[in-house]
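Undergrad: These protein sequences, in sequence, are chains A and B. Going by the working numbering, the letters in the first sequence line up with residues 2 to 350, in that order. Going by the working numbering, the letters in the second sequence line up with residues 168 to 677, in that order.
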Amino acid sequence: MTTNLEQRPLPAPADPAAPAPRSAGRRSADVLLRFGLLPILLLVAVVTFSVIEPRFLTPLNGTNVSRQLSFLLILTIAQMLVLLTAEIDMSIGATIALTSVISSKVMVAAGGGGSGGSGGIAVLLAGVLAGLAVGLVVGLLNGLVVARFKVPSFIVTIGTASVAVGAALLLSKGAPVTGLPPEFTSALGTARVLGVPVPFLVALGVLLAAYVLLSWTVLGHYLFAVGGGEDAARLVGVPVLRTKVTAFVLCSMLTSLAGVLLTARVSSGEPTLGQEYVILAIAAAVLGGTSFFGGEGRLGLVAVGALFLVVLSNGMNLIRVPSYVQQVVLGALLIAAVIIDRLRSRTAR
Amino acid sequence: MSAEPDVVLRAQGITKRYGGVAALDRVSFDLRRGEVHALLGENGAGKSTLIKVLSGSVRPDEGVVVVDGRQVGDLTPTAAVAAGVSTVFQELALVRTLSIADNLFLGRELTRRGLRRKSGMEAEAREALARIGVDLDPRACLDGFSRAQLQLVEIARALHRRSPILILDEPTASLSAGETGRLFGILRRLKDQGVGIVYISHRLAEVRELADRITVLRDGRGAGTVTAAGVGDDELVRLMTGRALGELFPEVPRQPGPVRLRLSGLTSPRLREVSLEVRAGEIVGLAGLVGSGKSEIGRACFGLERLTSGTVEIDDRAVPALSPRQAMDRGLIYYPADRHREGLVETGTLGENIILPSLVAGTVNRFGFVSRPRSASRVQQVVEQLSIRPPQAGRKVLGFSGGNQQKALLARAFARDFAVHVFDEPTVGIDIGAKLDVYQHIKRLCASGAAVLLISSDMEEVLGLAHRVYAVREGRVVADLRDAEVTEHNIVQAFFEPTPSLVPLGSARS
Numbered sequence: 002m003t004t005n006l007e008q009r010p011l012p013a014p015a016d017p018a019a020p021a022p023r024s025a026g027r028r029s030a031d032v033l034l035r036f037g038l039l040p041i042l043l044l045v046a047v048v049t050f051s052v053i054e055p056r057f058l059t060p061l062n063g064t065n066v067s068r069q070l071s072f073l074l075i076l077t078i079a080q081m082l083v084l085l086t087a088e089i090d091m092s093i094g095a096t097i098a099l100t101s102v103i104s105s106k107v108m109v110a111a112g113g114g115g116s117g118g119s120g121g122i123a124v125l126l127a128g129v130l131a132g133l134a135v136g137l138v139v140g141l142l143n144g145l146v147v148a149r150f151k152v153p154s155f156i157v158t159i160g161t162a163s164v165a166v167g168a169a170l171l172l173s174k175g176a177p178v179t180g181l182p183p184e185f186t187s188a189l190g191t192a193r194v195l196g197v198p199v200p201f202l203v204a205l206g207v208l209l210a211a212y213v214l215l216s217w218t219v220l221g222h223y224l225f226a227v228g229g230g231e232d233a234a235r236l237v238g239v240p241v242l243r244t245k246v247t248a249f250v251l252c253s254m255l256t257s258l259a260g261v262l263l264t265a266r267v268s269s270g271e272p273t274l275g276q277e278y279v280i281l282a283i284a285a286a287v288l289g290g291t292s293f294f295g296g297e298g299r300l301g302l303v304a305v306g307a308l309f310l311v312v313l314s315n316g317m318n319l320i321r322v323p324s325y326v327q328q329v330v331l332g333a334l335l336i337a338a339v340i341i342d343r344l345r346s347r348t349a350r
Numbered sequence: 168m169s170a171e172p173d174v175v176l177r178a179q180g181i182t183k184r185y186g187g188v189a190a191l192d193r194v195s196f197d198l199r200r201g202e203v204h205a206l207l208g209e210n211g212a213g214k215s216t217l218i219k220v221l222s223g224s225v226r227p228d229e230g231v232v233v234v235d236g237r238q239v240g241d242l243t244p245t246a247a248v249a250a251g252v253s254t255v256f257q258e259l260a261l262v263r264t265l266s267i268a269d270n271l272f273l274g275r276e277l278t279r280r281g282l283r284r285k286s287g288m289e290a291e292a293r294e295a296l297a298r299i300g301v302d303l304d305p306r307a308c309l310d311g312f313s314r315a316q317l318q319l320v321e322i323a324r325a326l327h328r329r330s331p332i333l334i335l336d337e338p339t340a341s342l343s344a345g346e347t348g349r350l351f352g353i354l355r356r357l358k359d360q361g362v363g364i365v366y367i368s369h370r371l372a373e374v375r376e377l378a379d380r381i382t383v384l385r386d387g388r389g390a391g392t393v394t395a396a397g398v399g400d401d402e403l404v405r406l407m408t409g410r411a412l413g414e415l416f417p418e419v420p421r422q423p424g425p426v427r428l429r430l431s432g433l434t435s436p437r438l439r440e441v442s443l444e445v446r447a448g449e450i451v452g453l454a455g456l457v458g459s460g461k462s463e464i465g466r467a468c469f470g471l472e473r474l475t476s477g478t479v480e481i482d483d484r485a486v487p488a489l490s491p492r493q494a495m496d497r498g499l500i501y502y503p504a505d506r507h508r509e510g511l512v513e514t515g516t517l518g519e520n521i522i523l524p525s526l527v528a529g530t531v532n533r534f535g536f537v538s539r540p541r542s543a544s545r546v547q548q549v550v551e552q553l554s555i556r557p558p559q560a561g562r563k564v565l566g567f568s569g570g571n572q573q574k575a576l577l578a579r580a581f582a583r584d585f586a587v588h589v590f591d592e593p594t595v596g597i598d599i600g601a602k603l604d605v606y607q608h609i610k611r612l613c614a615s616g617a618a619v620l621l622i623s624s625d626m627e628e629v630l631g632l633a634h635r636v637y638a639v640r641e642g643r644v645v646a647d648l649r650d651a652e653v654t655e656h657n658i659v660q661a662f663f664e665p666t667p668s669l670v671p672l673g674s675a676r677s
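(1) Give me the Cβ distance between I450 (chain B) and L621 (chain B), rounded to the nearest whole Å; I'm assuming they're in contact under 8 Å.
(2) Please list the terminal residues of the continuous beta strand (DSSP E) segment that includes K174 (chain A).
(3) Using a 10 Å radius around the Cβ and a threshold of 16 neighbouring Cβ atoms, would you call L44 (chain A) buried or exposed?
(4) How far does the alpha helix (DSSP H) with E54 (chain A) in it reach, from first residue to last?
(5) To which residues does DSSP link L621 (chain B) through a beta bridge?
(6) Give the interface partners of F536 (chain B) over in chain A, defined as CB-CB distance under 8 Å, in chain order.
(7) In the region 240-318 of chain B, which residue ranges form an unbroken beta strand (DSSP E) of at least 3 residues, counting only runs that do not cross its ends?
(8) What distance in whole Å lies between the Cβ atoms of T254 (chain B) and S218 (chain B), which are believed to be in contact at a cut-off of 8 Å?
(9) Less than 8 Å between the C-beta atoms of G306 (chain A) and L82 (chain A), yes or no?
(10) Starting from Q559 (chain B), trace the beta strand (DSSP E) both ways and give me its first and last residue.
(11) Using three-state DSSP, classify I75 (chain A) as helix, strand or coil.
(12) Pick helix, strand or coil for E271 (chain A), following the three-state DSSP scheme.
(13) Considering only their Cβ atoms, is the gap separating S568 (chain B) from V188 (chain B) smaller than 8 Å?
(14) Across the region 588-601 of chain B and the region 236-254 of chain A, are there enough close Cβ pairs to call them in contact, namely three or more that are closer than 8 Å?
(15) Please give me, in chain order, every unbroken run of the alpha helix (DSSP H) with length at least 4 that falls completely inside the region 311-362 of chain B.
(16) With distance defined between alpha-carbon atoms, name the residue in B:G529, B:Q572 and B:R388 nearest to A582 (chain B).
(17) Mark R385 (chain B) as exposed unless 16 or more other C-beta atoms lie within 10 angstroms of its C-beta, in which case mark it buried.
(18) Can the beta-carbon of A617 (chain B) be found less than 8 Å from the beta-carbon of G387 (chain B)?
(19) Residues in its own chain within less than 6 Å of R635 (chain B) by CB, not counting five upstream and five downstream?
(20) Using a Cβ-Cβ cut-off of less than 9 Å, list which residues of the region 289-305 of chain A approach chain C; keep chain order.
(21) Along the chain, where does the beta strand (DSSP E) that runs through K183 (chain B) open and close?
(22) Near G230 (chain A), what residues of its chain come up, given a Cβ to Cβ distance below 8 Å and the 5 sequence neighbours on each side ignored?
(23) Using beta-carbon positions only, say whether L251 (chain A) and V287 (chain A) come within less than 8 Å of one another.
(24) Would you mind listing the alpha helix (DSSP H) stretches within the region 369-453 of chain B that are 4+ residues and don't spill past its ends, in chain order?
(25) Taking a Cβ distance cut-off of 7 Å, strictly less, list which residues of the region 71-85 of chain A are near chain B, in chain order.
(26) Select from the region 222-236 of chain A all residues with a C-beta closer than 8 Å to any C-beta belonging to chain B, and list them in chain order.
(27) When the Cα atoms are used, what is the spatial distance from G180 (chain B) to G213 (chain B)?
(28) Which residues of the region 578-590 of chain B have a Cβ closer than 7 Å to any Cβ of chain A? Give them in chain order.
(29) At the 8 Å Cβ level, is V250 (chain A) part of the contact set with chain B, yes or no?
(30) Run the CB neighbour count on V262 (chain B), radius 10 Å, all protein chains shown included, and call it buried at 16 or more, exposed below.
(31) List, in chain order, every chain A residue whose beta-carbon is nearer than 7 Å to that of L489 (chain B).
(32) For the beta strand (DSSP E) containing V194 (chain B), list its first residue and its last residue.
(33) Does S476 (chain B) come out as helix, strand or coil in the three-state DSSP assignment?
(34) Pick helix, strand or coil for F536 (chain B), following the three-state DSSP scheme.
(35) Is there at least one Cβ from chain B nearer than 8 Å to R23 (chain A)'s Cβ?
(36) I need the DSSP call for G298 (chain A), collapsed to helix, strand or coil.
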């Protein structure tokens, strides 16, 4: 009657969530995967450059680094917001170019040849607003097309990039737009407050705002949720389309802000401005641990990622590494960063 | 012990962990030539993981697999097929854009001088289909085939390889009674030819009819191997659950109030004129085979199924533009069956997943800002009421066991008061302890006056929990069973009762 062949009693169930014991080596590998190589890399870069080149650790170079960091920090945060939603914006270089041309054109037209005086502030304001309007339009276009038609953002934003660059070249007839009001170039380009360059203050403001957005607001939670599980987010009622469009608009408007600052720095509207920032911003965000697959990224590390790239390029310039070699280094770093990202997402599973 | 000569496949001490959770814990299993060895166990007991190990698609952390006397070190899917193991998975591995013949020969095409021999492959495919009595055109593209048809194609492919070892993972889940009978005939013939068959199912009657031996898995461990002849249902259930049949389900008193959910004439490509109602304080089961449309009914309530006509009424008010957001605003919440894709934000922590529905409902935020204290107390409330273990809100949700992940999904019930709760397969792939917690949760909701629609393929769950049952077949409600009518016999009969309007399953729909 009893037909059991090899029945054995069940052992008491172990706590299913008890973590498996880990070796010390495994733990340090975990730490590495958690924070990434980045802080170590930054430290190595700083030490190396200060040893080789005494000019590296000087107040003058510090100002230099902070100025260069301003643009990349803003652009990296912009790209991060889109990456969090599991999308990407390839059009930030083109947005910078179009912003530069349009804001310059507006200021030249409004200023009527740089008369200065009390009209100066109004002209400056008109230029900045025109630049931000470019960001608004590009961001809405990117976001609505991507979210509404569910098409890959990689392709869509390459398309808008082409449109924007073409428009910038058309409007400027391929030549720099000159004759910007001096108030503009001085206030947003060269001026300092308490010794700190104005663009860097703006970038710190953006960093603070992004911190509040990501850590404290509902929208911030939605950005992570949409990127980490779009269907799951939709099913609990997260407005997925609106969140994605908002991410693209914020990204493009921050890009335009950086574009205006860059324009002030070079003192003319340049239809070729900003192209190198597409890869730099993605590299910095991913080096800082922002996942290409969406839903993961920490602002602090992303800022360190931007700092690292700026320090690297500044240091390499100081010790006269040829710019071609710098390109190779940057590309290799980007690839290394995505491999680490992949490994991390695998260990999370 | 000396190796028995007729053992063709042996797994010894297999352990497989996912994160901290052991899906298989030192499981051993063997298959003899010419036998049907059934694997039985609840969802999440480890059946699927075990056959994935046997077929080389999952690498065990510990243990060995011996095929035909040879230990296979690093078993890959390709190595398994080469060694003579053919597997039909539940998730069908077919390329939908190719024809039946192309799929049958995928990866081992017949060629002549480097070119594909199309006619030869088609003729052989026709023969392979005829062997299992399926009348399908081998040139037909799989796109547009029903699940049952795809299942048959997959079985034809496995048989066509003439492997000495065949593994079938719930092959009858979407087959009709007639097709099931035919499949059994084929399997018996193969058995006589010496083929060893691993057969997975959770239909006890089916297993007892077909199998020679039965191995029961429970929570990733082998609970015992018995010879099928003479073993009773009670014995098998006890092995599977570790308890008697009646103990699993809480007694939920039925106190029917007013109708809270009313569906009238829901019609979509997969639903035909579905009408039903659920009252306050009532658990209504929706039973049906996989692909019957029962899941689509639940999805339709939440705006996830494109309706051509019909209305969804919540508390006597029709929901105009159905969307998840609209449905939630009107008081209906849906718990999706696919925990990983639709249920959880997988990159997030437990706490983030618990909070998200409450953020949407606006109960833990103010002016667009998240209230830390309120979200912390919401997380604590959910973790305590659903006994989520370990109670670590900051831990990644994927680091939890399936049962605790499922509870994180249930957290949406706490976002606000909902009038109607629609559960789609709420206990798939979770352990018994978690099941009890889920059932308690459903009971609490029902007792608080909500209406519960329980969509489930788990017959025992429907029988044990629901006050009333609608049976669904081919996208329609075919039976409305109450009180004493709610029996397994009546439900299964409703699944299979022939109706003249049915499209014969064997014929390809174009």
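A virtual CB, placed ideally from N, CA and C, is assigned to each residue, including glycine.
TA: Answer, in terms of the structure:
(1) Here residue 450 (chain B) is taken as the residue at index 283 of the second sequence, counted from 1. Here residue 621 (chain B) is taken as the residue at index 454 of the second sequence, counted from 1. Correct: roughly 6 Å between the Cβ atoms.
(2) If you number the first sequence from 1, residue 174 (chain A) lands on position 173. Where K174 (chain A) is concerned, there is no enclosing beta strand (DSSP E), given that its DSSP letter is neither H nor E.
(3) Indexing the first sequence from 1 puts residue 44 (chain A) at position 43. It is exposed - the Cβ of L44 (chain A) has fewer than 16 other Cβ atoms within 10 Å.
(4) The residue given as residue 54 (chain A) occupies position 53 in the first sequence. Counting along the chain, E54 (chain A) falls outside any alpha helix (DSSP H), and DSSP gives it neither H nor E.
(5) Within the second sequence, the letter at position 454 stands for residue 621 (chain B). Answer is B:G452 and B:F590, bridged to L621 (chain B).
(6) As a first step, residue 536 (chain B) is located in the second sequence; it is residue number 369 there, counting from the start. Chain A residues near F536 (chain B): W217, T218 and V219.
(7) 252-255
(8) By one-based count along the second sequence, residue 218 (chain B) stands at place 51. By one-based count along the second sequence, residue 254 (chain B) stands at place 87. Just to set this straight, residue 218 (chain B) is Ile in the shown sequence, not Ser. Yes, they are in contact, since the Cβ atoms of I218 (chain B) and T254 (chain B) sit about 6 Å apart, within 8 Å.
(9) Counting from 1 along the first sequence, the entry for residue 306 (chain A) is found at position 305. Counting from 1 along the first sequence, the entry for residue 82 (chain A) is found at position 81. In this structure, L82 (chain A) does not lie closer than 8 Å to G306 (chain A) by Cβ.
(10) One-based indexing of the second sequence puts residue 559 (chain B) at position 392. Unbroken run through Q559 (chain B): none, as it is neither H nor E.
(11) As a working mapping, residue 75 (chain A) is identified with position 74 in the first sequence. In the structure shown, I75 (chain A) sits in a helix (DSSP, three-state: H, G or I).
(12) Your numbering for residue 271 (chain A) matches position 270 in the first sequence. Of the three classes helix, strand and coil, the one that applies to E271 (chain A) here is coil, per DSSP.
(13) Along the second sequence, one-based indexing puts residue 188 (chain B) at 21. Along the second sequence, one-based indexing puts residue 568 (chain B) at 401. The answer is yes: Cβ separation under 8 Å.
(14) no
(15) 314-327 and 344-359
(16) Counting from 1 along the second sequence, the entry for residue 582 (chain B) is found at position 415. Considering only alpha carbons, the answer is B:G529.
(17) As a first step, residue 385 (chain B) must be located in the second sequence, where it is residue number 218. With 16 or more other Cβ atoms within 10 Å, it is buried.
(18) On the second sequence, residue 617 (chain B) is found 450 positions in, with the first residue counted as 1. On the second sequence, residue 387 (chain B) is found 220 positions in, with the first residue counted as 1. Not a contact, by the Cβ cut-off of 8 Å.
(19) Here residue 635 (chain B) is taken as the residue at index 468 of the second sequence, counted from 1. These residues qualify, in order along the chain: V451 and R649.
(20) As a matter of chain content, chain C is missing from the structure shown, whose protein chains are A and B.
(21) Here residue 183 (chain B) refers to the residue found at position 16 when the second sequence is read from its first residue. First-last of the beta strand (DSSP E) with K183 (chain B): V174 to Y185.
(22) For the purposes of this step, residue 230 (chain A) is taken as residue 229 along the first sequence, with counting starting at 1. Within the same chain, G230 (chain A) has close Cβ partners G296.
(23) For the purposes of this step, residue 251 (chain A) is taken as residue 250 along the first sequence, with counting starting at 1. For the purposes of this step, residue 287 (chain A) is taken as residue 286 along the first sequence, with counting starting at 1. Cβ atoms of L251 (chain A) and V287 (chain A): not closer than 8 Å.
(24) 371-377 and 400-408
(25) none
(26) H222, Y223, F225, A226, G228, G229, G230, D232, A233, A234, R235 and L236
(27) Residue numbering aside, residue 180 (chain B) sits at position 13 when the second sequence is read from its first letter. Residue numbering aside, residue 213 (chain B) sits at position 46 when the second sequence is read from its first letter. Cα to Cα, G180 (chain B) sits roughly 14 Å from G213 (chain B).
(28) R579
(29) Position 249 of the first sequence, counted from the start, is the residue given in the question as residue 250 (chain A). No, no contact with chain B.
(30) In the second sequence, counting from the first residue as 1, residue 262 (chain B) sits at position 95. V262 (chain B) is exposed by the Cβ-count criterion.
(31) Within the second sequence, residue 489 (chain B) is the residue found at index 322, counting from 1. Those do not exist, as L489 (chain B) stays about 13 Å from chain A at its closest Cβ, beyond 7 Å.
(32) As a working note, residue 194 (chain B) is residue 27 in the second sequence. Element bounds for V194 (chain B): V188 to R199.
(33) Sequence index remark: in the second sequence, residue 476 (chain B) carries index 309 (1-based). If DSSP states are grouped into helix, strand and coil, S476 (chain B) belongs with the strands.
(34) Position 369 of the second sequence, counted from the start, is the residue given in the question as residue 536 (chain B). Here F536 (chain B) sits in strand by DSSP.
(35) Counting from 1 along the first sequence, the entry for residue 23 (chain A) is found at position 22. Confidence in R23 (chain A) is poor, its pLDDT being 47 and thus under 50, which makes the residue's placement too unreliable to answer from.
(36) Counting from 1 along the first sequence, the entry for residue 298 (chain A) is found at position 297. In the structure shown, G298 (chain A) sits in coil (DSSP, three-state: anything other than H, G, I, E or B).
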